[in-house]
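To start, the structure itself, in structure tokens.
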Amino acid sequence: MRITKIFFVSLVLVMISLQSCTKDKGPIEPEVILTTVSFSMDVQPIFDTNCISCHNTANSQYYGYLDLSTGYAYSSLVAVVSNGYSPNLRVSSGDAENSVLWQKVNNSQLFGSNMPLGGTITNAEIETIKVWINEGAIEN
Ligand code: HEC
Numbered sequence: 325m326r327i328t329k330i331f332f333v334s335l336v337l338v339m340i341s342l343q344s345c346t347k348d349k350g351p352i353e354p355e356v357i358l359t360t361v362s363f364s365m366d367v368q369p370i371f372d373t374n375c376i377s378c379h380n381t382a383n384s385q386y387y388g389y390l391d392l393s394t395g396y397a398y399s400s401l402v403a404v405v406s407n408g409y410s411p412n413l414r415v416s417s418g419d420a421e422n423s424v425l426w427q428k429v430n431n432s433q434l435f436g437s438n439m440p441l442g443g444t445i446t447n448a449e450i451e452t453i454k455v456w457i458n459e460g461a462i463e464n
């Protein structure tokens, strides 16, 4: 009787110590996401120069019900259903081909007029937007 008790107590102790072993695996490494394009440093400046004259609620220019100004652009785009081209998403993370934003700057004519309306952006800027989306459309 006594021996069985000692056996069970030590069994429990062994189990506890095994459990604490699995926890002690050293410091947890933060997950590093490698991207080449930054939303705030590379993409937002394209919007600032070419888009916010028409896509900016602050100056009552809300074409397409889309605000591309700093602080609003990201949450207006990523995983948001397009106003004019529902059910397509404005930006489908990791998938530029299925993003209204990229199709509209890439002159595909799949979703109405090319953007910027009445203007142009460079191929490098179009590529920047594409790479940002395909790298996961991160708010970096
Ligand atoms: C001269 C005004 C003007 C400028 C500049 C402009 N847009 Fe637009 N945009 C519009 C209008 C008008 C619409 C609504 C009609 C349409 O969908 O084509 C629109 C719609 C859009 C839509 C679709 C929104 C939705 O969900 O229906 C996207 C995406 C867009 N614009 C992106 C851009 C980007 C990116 C730029 C800058 C590179 C830009 N636009 C510059 C006028 C403009």
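Convert by adding 324 to the 1-based position in the sequence shown; the result is the number in our numbering. Backbone N, C-alpha and C fix where the C-beta goes; we use that ideal spot for every residue, glycine too.
- Message: Suppose the cutoff is 6 angstroms on Cβ atoms and the five residues either side in sequence are ignored; what does the same chain contact list for I370 look like?
- Response: Closer than 6 angstroms at the Cβ level, and outside the excluded window around I370, lie E449.
- Item | Closest Cα partner of P411 within the set A382, E459, F435 | Checking every option, the nearest Cα to that of P411 belongs to F435.
- Task: In angstroms with no decimal places, state the Cα-to-Cα distance between S416 and N430.
- Result: For the pair S416 and N430, the Cα-to-Cα distance works out to about 15 angstroms.
- Message: Taking 8 angstroms as the limit between beta carbons, can you name the residues of its chain near R414, skipping five residues before and five after?
- Response: Excluding positions up to five away in sequence, the list reads L390, S400, L401, V402, V404, V405, S406, S423, V424, L425.
- Who are the near neighbours of K454 in its chain, counting only those whose CB is closer than 7 angstroms to its CB and skipping five residues on each side? Answer for K454: A420, W426, listed in chain order.
- Is Y387 near the ligand HEC, with its Cβ less than 6 angstroms from a heavy atom? Checking the Cβ of Y387 against the ligand HEC gives yes.
- Task: Measure the CB-CB distance between L358 and H379 and report whether it falls below 7 angstroms.
- Result: Taking 7 angstroms as the Cβ cut-off, L358 and H379 do not qualify as a contacting pair.
- Item | The alpha helix (DSSP H) enclosing T444, as first and last residue numbers | Careful: T444 lies outside any alpha helix (DSSP H) and carries neither H nor E.
- Rounded to the nearest angstrom, how far is the Cβ of N374 from that of I457, given a contact under 8 angstroms? Actually they do not touch by this definition, with Cβ atoms about 17 angstroms apart.
- Query: Quick one: what's got a C-beta closer than 6 angstroms to M439's C-beta in the same chain, skipping five residues either side?
  - Reply: Beyond the five residues adjoining it in sequence on each side, M439 comes within less than 6 angstroms, by CB distance, of K428, V429 in the same chain, given in chain order.
- Message: Checking the sheet assignment: what are the DSSP bridge partners for Y386?
- Response: According to DSSP, Y386 bridges with H379.
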